[in-house]
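Below is one structure, written out as C-alpha cells; the observations come after it.
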Amino acid sequence: MTHVRYIDKTRQYYLDQGYEKPYEWAHFDTVPFTRLSKPLADCRLSLVSTSDVAIKEDGGDGDHAKEMFVGNVYSIPTDIPIERLHSRQEHFDKHATHLDDVDSYFPISRLREAAADGTIGGVADRLHGVYTAYSQRRTLEVDGPEVLKRCREDGVDAVLLTPV
Amino acid sequence: MSLVARYLEEHGLPTVMIANARDIVEHCGVARMVFVDFPLGNPCGEPYKLDQQRAIFRQALNLLETADGPRTTVEAPFVWPAGDDWKRLIFSDEQPFLDSDAHENWIAAKARYKALKAEGKV
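Below is the structure:
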C-alpha cells in the first residue's frame, strides 16, 4: 500500500470539521544542500525534533500553550538518562501507536551507540526541541537561527531531524 | 521541521531527516530524508524494537554521507506489523485524529495564545 497523502487527507478532514481555510503547507521550488565536510567518523552530530520531548520533572514549569503556538527552541543535555525523558506531544497517531519509547522518535540511545562504536565522531552536548508553532515565518526567522546558533556553539558538523 | 532542516542546510550544516509524513516533507523540500512508512509518532522505528531502530538510524547516517544532491529520499525496508488499516483510518470521519481530551487541550492552548496575543505579550 502506498504512503498516506497527509496534505490531501488533512485538507478534507479539516474542511469537514468546519474550518474554512485549508492549512498552507510550506513549499519551495529550490532545496539547499550541503555536503559533509569530513568523514562521518569525525563528525559531531546533534538531534533536533518536534516530538515535544521534555525532562519529566520540568513538565509544567513553562507556559506550554505559549510554547506550542509561539514557537520556542529548548535543549536537552545529551547525557541525561533516557528514563527521565518523555513526550508531551498529543498530535500523533494515538490509535495506532504510542510514544512510550523515547528512542522511537528521539533516538538519543542510537546516537550514543554510534559515538561509542566510532561510526560517528561524537554527539554534541545538547540536543534540541522546537515547536512547530503557528507561524512558518517565525520558524524561519527565529527558531531556525536559534538552532543554528546552538549547533555552532557546540561544534556540530551534521544534524539529524525527527518530526512528530 | 522541514523549514529548520532547510535553514541549517542553507547555512552550511548538513542534515538528514527521519520522517513518517513523506508527502509533507517532500512538498516542502529537504536535502535528505529516510522515509519510514509507519504511523505518525514513531519515525525512528517501532517502540522497543532495537534492531529495527538501529537499521533505520544507520540508513540515515549512510544517507548523510552518500546523498549526491537535495531531495534524496530513501525508504526504510520495514512494514508496520499490525497491517495497513491505520493508513485508511488516519484523519477520517470514522476515527477523529485527536481524542476529546487532546482536542480540549488543543482548544485551551489556542485560546491561551489568542489571549496573550490580544494583550500584546507575544
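Just so you know, the protein sequences line up as chains S and B, in that order. Per this note's numbering, the very first residue in the first sequence carries number 4; after that it's consecutive. Per this note's numbering, the very first residue in the second sequence carries number 1218; after that it's consecutive. We put the CB at the ideal spot given by N, CA and C, even for glycine. Quantities reported herein were computed from a predicted structural model and do not represent experimental measurements.
Contact set between the region 1226-1251 of chain B and chain S, restricted to residues whose Cβ is under 7 Å from the partner: Contacts with chain S (Cβ-Cβ distance below 7 Å) from the region 1226-1251 of chain B involve Glu1226, Glu1227, His1228, Gly1229, Leu1230, Pro1231, Thr1232, Val1233, Met1234, Ile1235, Ala1236, Ala1238, Arg1239, Asp1240, Ile1241, His1244, Cys1245, Gly1246, Val1247, Ala1248, listed in chain order.
Within the region 53-118 of chain S, ranges of the beta strand (DSSP E) (whole runs, at least 3 residues): 56-58, 76-80, 88-90
Selected residue, minimal CA-CA separation from S/Gly158, among S/Arg38, S/Arg129, S/Thr5, S/Ser107: Within the first sequence, residue 158 of chain S is the residue found at index 155, counting from 1. Answer by Cα proximity: S/Arg129.
8 Å Cβ cutoff, B/Gln1276 in contact with chain S: In the second sequence, the residue the question calls residue 1276 of chain B occupies position 59. With respect to chain S, the C-beta atom of B/Gln1276 has no partner C-beta closer than 8 Å.
Where S/Arg129 meets chain B, residues with beta-carbon distance less than 9 Å: As a position in the first sequence, residue 129 of chain S is number 126, starting the count at 1. Simply none; closest approach about 15 Å.
Helix, strand or coil at S/Gly158 according to DSSP, with G and I counted as helix: Along the first sequence, read from residue 1 onward, the residue named residue 158 of chain S stands at position 155. DSSP places S/Gly158 in coil when its eight states are reduced to three.
Cβ-based burial, B/Tyr1224 [other Cβ within 10 Å; buried from 16]: To locate residue 1224 of chain B, count along the second sequence from 1; it is residue 7. It is buried - the Cβ of B/Tyr1224 has at least 16 other Cβ atoms within 10 Å.
One or two residues paired with B/Leu1281 in a DSSP bridge: Indexing the second sequence from 1 puts residue 1281 of chain B at position 64. Looking at the DSSP assignment, B/Leu1281 forms no beta bridge with any residue, so it has no partner.
Expected contact under 8 Å - CB spacing of S/Val56 and S/Ser112 to nearest Å: Position 53 of the first sequence, counted from the first residue, corresponds to residue 56 of chain S. Position 109 of the first sequence, counted from the first residue, corresponds to residue 112 of chain S. Rounded to the nearest angstrom, the Cβ distance from S/Val56 to S/Ser112 is 13 Å, too far for a contact under 8 Å.
S/Asp114 versus B/Ala1319 - alpha carbon distance: For the purposes of this step, residue 114 of chain S is taken as the residue at position 111 of the first sequence. For the purposes of this step, residue 1319 of chain B is taken as the residue at position 102 of the second sequence. A small fix is needed here, since residue 114 of chain S is Leu in this sequence, not Asp. Distance between the alpha carbons of S/Leu114 and B/Ala1319: 31 Å.
Whether S/Val167 touches B/Leu1315 by CB criterion (8 Å): Residue 167 of chain S sits at position 164 when you count from the first residue of the first sequence. Residue 1315 of chain B sits at position 98 when you count from the first residue of the second sequence. It is not a contact, given that the beta carbons lie outside the stated cut-off.
Which listed residue (S/Ala29, S/Glu60, S/Met4, S/Leu164) has its alpha carbon closest to that of S/Arg141: Mapped onto the first sequence, residue 141 of chain S falls at position 138. Measuring from the Cα of S/Arg141, the nearest candidate turns out to be S/Ala29.
Contacting residues, own chain, Cβ-Cβ under 6 Å from S/Tyr108 (five flanking each side not counted): Locating residue 108 of chain S in the first sequence gives position 105, counting from the first residue. Taken in chain order, the residues that qualify are Ser54, Thr165, Val167.
S/His101 beta carbon less than 8 Å from that of B/Trp1303: Residue 1303 of chain B sits at position 86 when you count from the first residue of the second sequence. Residue 101 of chain S sits at position 98 when you count from the first residue of the first sequence. No. Outside cutoff.
Neighbour list for B/Ala1335 in chain S, Cβ cutoff strictly below 8 Å: Counting from one through the second sequence, the residue named residue 1335 of chain B turns up at place 118. Going along chain S, no residue has its Cβ under 8 Å from B/Ala1335, so there is no contact; the nearest lies around 13 Å.
Selection of the region 93-108 of chain S by Cβ proximity to chain B, strictly under 9 Å: Glu93, His94, Phe95, Asp96, Lys97, His98, Ala99, Thr100, His101, Leu102, Asp103, Asp104, Asp106, Ser107, Tyr108
Selected residue, minimal CA-CA separation from S/Met71, among B/Glu1226, B/Val1339, B/Ala1222: Taking the first residue of the first sequence as 1, we reach residue 71 of chain S at position 68. For the options B/Glu1226, B/Val1339, B/Ala1222, the alpha carbon positioned closest to that of S/Met71 is the one of B/Val1339.
DSSP beta-bridge partners of B/Val1291: On the second sequence, residue 1291 of chain B is found 74 positions in, with the first residue counted as 1. Bridge partners of B/Val1291: B/Val1251.
Members of the region 109-121 of chain S that neighbour chain B once the beta carbon cut-off is set at 7 Å: Of all residues in the region 109-121 of chain S, only Pro110, Arg113, Ala117 place a beta-carbon less than 7 Å from a beta-carbon of chain B.
Neighbourhood of B/Val1187 by C-beta distance below 6 Å, restricted to the same chain and skipping five residues each side: The structure shown does not extend to residue 1187 of chain B, since chain B spans only 1218 to 1339, so no value can be given for it.
Interface positions of the region 144-167 of chain S facing chain A (Cβ-Cβ less than 9 Å), listed along the chain: Of the protein chains in the structure, S and B, none is chain A.
8 Å contact criterion, which B/Phe1308 and S/Tyr26 should meet: CB distance rounded: Mapped onto the second sequence, residue 1308 of chain B falls at position 91. Mapped onto the first sequence, residue 26 of chain S falls at position 23. At roughly 12 Å, the Cβ-Cβ gap does not stay under 8 Å, so B/Phe1308 and S/Tyr26 are not in contact.
Proximal chain B residues relative to S/Pro35, where beta-carbon distance stays under 8 Å: Here residue 35 of chain S corresponds to residue number 32 of the first sequence, with the count starting at 1. In chain order: Arg1223, Glu1226, Glu1227, Ala1248, Pro1287.
Burial state of S/Gln20 (16 or more Cβ within 10 Å): Counting from one through the first sequence, the residue named residue 20 of chain S turns up at place 17. Answer is exposed; the Cβ neighbour count stays below 16.
Beta-carbon gap between B/Asp1285 and S/Ile10 smaller than 8 Å: For this step, residue 1285 of chain B is matched to residue 68 along the second sequence. For this step, residue 10 of chain S is matched to residue 7 along the first sequence. Contact flag unset, no.
Chain S contact residues for B/Leu1281, given Cβ-Cβ distances below 7 Å: The residue you call residue 1281 of chain B lines up with position 64 of the second sequence. The contacting residues are Leu39, Leu43, Ala161.
8 Å Cβ cutoff, S/Asp61 in contact with chain B: Counted from its first residue, the first sequence places residue 61 of chain S at position 58. No - not a single Cβ of chain B is within 8 Å of the one on S/Asp61.
Per-residue DSSP class, three states only, for S/Ile123: To locate residue 123 of chain S, count along the first sequence from 1; it is residue 120. The answer is coil: DSSP assigns S/Ile123 none of H, G, I, E or B.
Interface partners of S/Thr53 on chain B, CB under 9 Å: Your numbering for residue 53 of chain S matches position 50 in the first sequence. The contacting residues are Met1218, Val1221.
Within 8 Å, strictly: CB atoms of S/Leu48 and S/Val126: As a first step, residue 48 of chain S is located in the first sequence; it is residue number 45 there, counting from the start. As a first step, residue 126 of chain S is located in the first sequence; it is residue number 123 there, counting from the start. Going by C-beta atoms, S/Leu48 is nearer than 8 Å to S/Val126.
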